[in-house]
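To start, the structure under review is shown below, and the notes come after it.
There are 2 protein chains.
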Amino acid sequence: MSPKITVELLRQLRQAMKNSKYITEPIQAYIIPSGDAHQSEYIAPCDCRREFICGFNGSAGTAIVTEQHAALWTDGRYFLQASQQMDNNWTLMKMGLKETPSQEDWLVSILPENSKVGVDPWIIAADQWKNMSKALSSAGHSLVAVQDNLIDTIWEDRPAPPSTKLITLGLKYTGLTWQDKVTALRGKMAERKISWFVVTALDEIAWLFNLRGSDIEYNPVFFAYAIIGISNIKLFVDSKRLLDPAVQEHLELDSPSKPELTIQCFPYESVYTELQAVCAALAPKEKMWICDKASCALTQVIPKSHRSVIPYTPLCLAKAVKNPTEIQAMKMAHIKDAVALCELFAWLEKEIPKGTVTEISVADKAEELRSQQRDFVGLSFPTISSVGPNGAIIHYRPLPETNRTLSLNEVYLIDSGAQYLDGTTDVTRTVHFGTPTDYEKECFTYVLKGHIAVSAAVFPNGTKGHLLDSFARAALWDSGLDYLHGTGHGVGCFLNVHEGPCGISYKTFADEPLEAGMIVSDEPGYYEDGSFGIRIENVVLVIPAKTKYNYRNRGSLTFEPLTLVPIQLKMINTDLLTQKEHDWVNDYHKKCRETIGAELERQGRKEALDWLIRETQPIV
Amino acid sequence: MSPKITVELLRQLRQAMKNSKYITEPIQAYIIPSGDAHQSEYIAPCDCRREFICGFNGSAGTAIVTEQHAALWTDGRYFLQASQQMDNNWTLMKMGLKETPSQEDWLVSILPENSKVGVDPWIIAADQWKNMSKALSSAGHSLVAVQDNLIDTIWEDRPAPPSTKLITLGLKYTGLTWQDKVTALRGKMAERKISWFVVTALDEIAWLFNLRGSDIEYNPVFFAYAIIGISNIKLFVDSKRLLDPAVQEHLELDSPSKPELTIQCFPYESVYTELQAVCAALAPKEKMWICDKASCALTQVIPKSHRSVIPYTPLCLAKAVKNPTEIQAMKMAHIKDAVALCELFAWLEKEIPKGTVTEISVADKAEELRSQQRDFVGLSFPTISSVGPNGAIIHYRPLPETNRTLSLNEVYLIDSGAQYLDGTTDVTRTVHFGTPTDYEKECFTYVLKGHIAVSAAVFPNGTKGHLLDSFARAALWDSGLDYLHGTGHGVGCFLNVHEGPCGISYKTFADEPLEAGMIVSDEPGYYEDGSFGIRIENVVLVIPAKTKYNYRNRGSLTFEPLTLVPIQLKMINTDLLTQKEHDWVNDYHKKCRETIGAELERQGRKEALDWLIRETQPIV
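Put into structure tokens, the structure is as follows:
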């Protein structure tokens, strides 16, 4: 991987930072966040401004350019990748390490007195704006909103914003009509005496209206805003997309069943002026919800006295707790996904000795096999297919110039997932096709112990996911090892593969408590730079747990794995397992064999079935 | 325990809330925090205003009185106690339960429009003021500072503020002179370009000047403020206390060694005007540190442009990491404390069958035995001595009306500790003098497993204590059990038994990372209302851990128990222990036998030695 050459781009950006065409006074620093106007994690090509300016294309990172410096902040998953993709003009700021300054501290340490720091108010969240603005002000600087995005002014061939065809989802997949969801939302609003709610997160809008799109690769969402009132529904979306009769019918655009369920449609761009109009007509005591992750630009339209900023919206919470229809659909999606992966591993065993299988060809083969499954829509994120040292790049994505051949001598890690109409999958398996070293097996076994510790954890109702994070690390910590990423994230149902408000990570404290019906990933790992990477990831469903006692009648929860793909026995040092862990592995493999075996049989995939039966033999 | 009758007091307070002698406009609610002007956890009798008004005398709780309502917020340790000590005029607000409103939400839900809520600005911390004020304003109310404390206006026999004799501590105990500590502090100030630091926490002042007092029972501190400049030291303390020649010499009041180490002494009350004077003379860019837990009154003296509010002061951090002298001194204090407890348990075994030993008499006996040890100063908190159902009251303190007799049929829990010149102790043991039931043993063993899980945990440098909290609960959670308090707190060295900035609790996120030299408690428990309480508490020292590998050269940490008192074997169901836990118990008891045994022998305490040897036999 060769770094992007950024000398000329930085020169142009620094000129723009002084150009009175865009700004009244020169700015001394410009912040380029990685998000779009909806603070999406994955973004459309037209929004990849941070990648454009520095070359780093990971999913998280913020660039800051000053007159003298250019720096990029990203987290442990991306240290290696970022250092490879950026040229010498850039300083990599490794977040999470003690010696790394925060963006605020760094700016304060290098800026001349009374500096102005610019940012596009549409792509910075209101809470981030507030924190940054406060830190800068207290050091005598100021944060200023630059209306023209300065990257766009120097980005000559910037792609056009997408406007893909919308998919309507029926009750079979969603379990609830959009009308029911709007009504439930209004109930929550009424409870809190809220008259309006500005919906800005793309997955919340998609979930609310039972619509999907493909504006952003891997995430079945579409660019839109919504403003929901107690008796109004305003949807802001490219009007061409509403010409589709299926969409018209789904949204009851011509013949709404009830007046309060009538959707008023507006062009996407008019959200700003329409929100201004709604705000202008507010009665003195009316309150409007907006998420603290909404853009600064939109948040500031709402007068402070009417603004109620919330960390998680009721849609985010409702979406996170899957209903029985969604749970069944997610289970079906995971069965199909496991079928594809069993086929993949059976195929790999045959093909690898030929020496022609590469990281990229496995990723392609995995996609091909998944695409044969019913209701396949696409991948849920770029497949991480990595051999040996590439496995240590936590969010590695194989490129022609980094592509390695799979062999009998190196550890292979594949983290992949798909979108099906019935659900979203995300699974990581780490395997060896020859004989793993004792050290590789030892590390794998610690990671497995961590995976099991979370998956089998029993905890009281009301427990937040971050309290489970250390369970995943204890076995690694005992030996002086660790991994620099969280342990799990929420997973959408045919929606974003990363979603809030729950997760399992030491980095957060403000996650919402886990509830039965929530779905998260369980994915501890271990990475040895230059050698190998190990990760074992299942998607797991939060379910009630039966316990011997029931303290204060709180009830307990645990997890049920939805992912049912064998964990390679060859990689396990069974001497390191406790009896409980031993039993967990056997029970898990029994479930894989029974559930996926039945589906493989139904689909007539004999070779994969043989492989599955072989790989799920009990350990003794 | 009969509740305090509060009808008349509430009537008087409500009158004061409307009395123009104290306030310009009537207030609709009055907040009575539990702290003093230094936000101390334990307080002097003159500051027990919350207890005076509602009767509840636990260490944490806030009362709010409105025209119609009176409510008290406290945490899980005190639910039972508070409900017993308060009469029907009071509503108990159980913090930590989902259905319990916050103080802010409750006020907003019950106050008439445009209400004024009053509070004494000296006994509310600046950060609490800010949060409360913000919440009230956003609902149309306001928080107002009431300069005359309204409780004091109705408290006829309020005790006078204490002014006890000061104790000077030499290098033998402190390891560092106060001059060295001031110099190190100034180094930290210079690093951050801070010219002044207002020290408001009593334990920080005591630690900095190597002085102790006894103004507050159990906490060897004295009422004082300090303002430290780069070349000034201003100490605010009752001037009578400085007449003692030992104190004069210790502080070099007559002959300071260096001009910048000259202490200027002021009366305690003049801190407000003196801080005003310092602030008036500040140069434009000068910054002044003050802790966010300092009083609102004092914080607001510092103009915003000069104010740098910090969550943990450099003194708090420096004090938490014990130096080698302090560590040795703490070890010695714990050895002496264990001697006293071994004697106590040996005595109990003989005495209990007589049927005359009560919760109070054990507490008295424990104090008597501790007082026989060298350098004993007093207790470090009121002894929790509790039989059977009283053990379920987490911070129970035996009173004549609740006093139970120890018997062969009930579980007995004793949580006690002392102040010695060389250190502070805090230890809990739960024992049975007859035959515990299988259920009691089962619960005890889960608590023990949690205790060991924390004590034996290995974790990377930089880990915050809250990440270890779930380790203490896992065994309980597995069976549907839990406890409603944190797992550990920082412990001072001949200072407060509870100190920041580290601890082990699911409730915090802003704790500072654990470091070698820090000292915390490890005290999981289980409480069955109406039946029994179990807690196993050791004070443990953070030490470097040797691990097989060393990921990214971060190094690892673990704990070394300082408390060396046998854990009753009779209470353990050894079938529930893993081999590792089994070995931990035997290793721990071996260390108790060797270390405490030697000291018992040295002190010629034969009966206790016999008891120790018997109680530390290896389990098989």
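So the sequence lines, in the order shown, correspond to chains A and B. The first sequence begins at 1 in UniProt numbering and counts up one residue at a time. The second sequence begins at 1 in UniProt numbering and counts up one residue at a time. In this text, a Cβ means the ideal position worked out from N, Cα and C, and glycines have one as well.
For P314 (chain B), the enclosing alpha helix (DSSP H) stretches over residues P314 to A320. Counting only unbroken stretches of 4 or more residues, the alpha helix (DSSP H) elements lying wholly within the stretch 405–482 of chain A are 438–455 and 469–478, in sequence order.
Sequence-distant Cβ neighbours of K240 (chain A) in its own chain, meaning closer than 7 Å and more than five residues away, are S163.
One finds nothing in chain B with a Cβ atom closer than 7 Å to the Cβ of T200 (chain A); even the nearest lies about 21 Å away.
Residue environment: Q372 (chain B) is assigned as exposed (fewer than 16 neighbouring CB atoms within 10 Å of its CB, all protein chains considered).
Three or more pairs of CB atoms, one per stretch, sit closer than 8 Å, so the stretch 386–402 of chain B contacts the stretch 533–550 of chain B. Counting only runs of 4 or more residues that sit fully inside the stretch 218–250 of chain A, the alpha helix (DSSP H) segments are 245–250, in chain order. With respect to P501 (chain A), G490 (chain A) sits close: the two C-beta atoms are nearer than 9 Å. Taking one beta carbon from each stretch, the stretch 438–453 of chain A and the stretch 453–469 of chain B have fewer than 3 pairs nearer than 8 Å; the two do not touch.
Neighbours of T547 (chain A) in chain B, taken as residues at a C-beta separation under 9 Å, are given in chain order as W477, D478, S479, G480 and L481.
Contact residues of the stretch 440–463 of chain B toward chain A are V458, F459, P460 and G462 (C-beta to C-beta distance below 7 Å). Interface residue (Cβ-Cβ distance to chain B less than 9 Å): Y551 (chain A) is classified as such. Residues of chain A whose Cβ lies closer than 8 Å to the Cβ of F509 (chain B) are, in chain order, F509. Each of A:G96, A:V119 and A:V447 was checked against the Cα of S142 (chain A), and the nearest Cα belongs to A:V119.
Interface residue (Cβ-Cβ distance to chain A less than 9 Å): S83 (chain B) is not classified as such. Within the same chain, and ignoring the five residues on either side of K319 (chain B) in sequence, the residues whose Cβ sits closer than 6 Å to its Cβ are W207. In this structure, the beta-carbon distance from T445 (chain B) to D415 (chain B) does not fall below 9 Å.
By a beta-carbon distance limit of 8 Å, V542 (chain B) does not contact S521 (chain B). Their separation comes to about 12 Å. Residue ranges of uninterrupted alpha helix (DSSP H) with 4 or more members, entirely inside the UniProt domain "Peptidase M24 C-terminal" (557–619) of chain A and ordered along the chain, are 579–602 and 606–615. Sequence-ordered contacts of the stretch 141–157 of chain A with chain B are nonexistent [C-beta pairs closer than 8 Å]. The shortest C-alpha to C-alpha distance from K181 (chain A) to any of A:A453, A:K590, A:K354 and A:I233 is the one to A:I233. Residue range E359 to S371 is occupied by the alpha helix (DSSP H) that includes D364 (chain B). Taking a 10 Å sphere around the C-beta of S255 (chain A), we find fewer than 16 other C-beta atoms and assign the residue as exposed. Put simply, the backbone Cα of Y225 (chain B) is about 10 Å away from that of A37 (chain B). Contact of S40 (chain B) with chain A by beta-carbon distance below 9 Å is absent, the smallest such distance being about 26 Å.
Taking every protein chain shown into account, the CB of L243 (chain B) has fewer than 16 other CB atoms within 10 angstroms, so this residue is exposed. Using a 10 angstroms sphere on the CB of P112 (chain A), the tally of other CB atoms stays under 16, which defines it as exposed. The beta-carbon of A283 (chain B) is placed no less than 9 Å from the nearest beta-carbon of chain A. Closest in alpha carbon position to A453 (chain A), among A:T595, A:A472 and A:L348, is A:A472.
At a cut-off of 9 Å, the C-beta of K98 (chain B) has a neighbouring C-beta in chain A.
Flagged as an interface residue toward chain A: D469 (chain B), by a C-beta distance shorter than 9 Å. Excluding its 5 nearest sequence neighbours in each direction, R77 (chain A) has C-beta neighbours in its own chain below 6 Å: I394, H395 and H485, listed in chain order.
Assigned with DSSP and collapsed to three states, E252 (chain A) falls in coil, not helix or strand. Identification of chain B residues near S556 (chain A) by a Cβ-Cβ cut-off of 8 Å yields W477 and G480, ordered along the chain. As computed with DSSP, W196 (chain B) is found in a beta bridge with B:G229 and B:M288.
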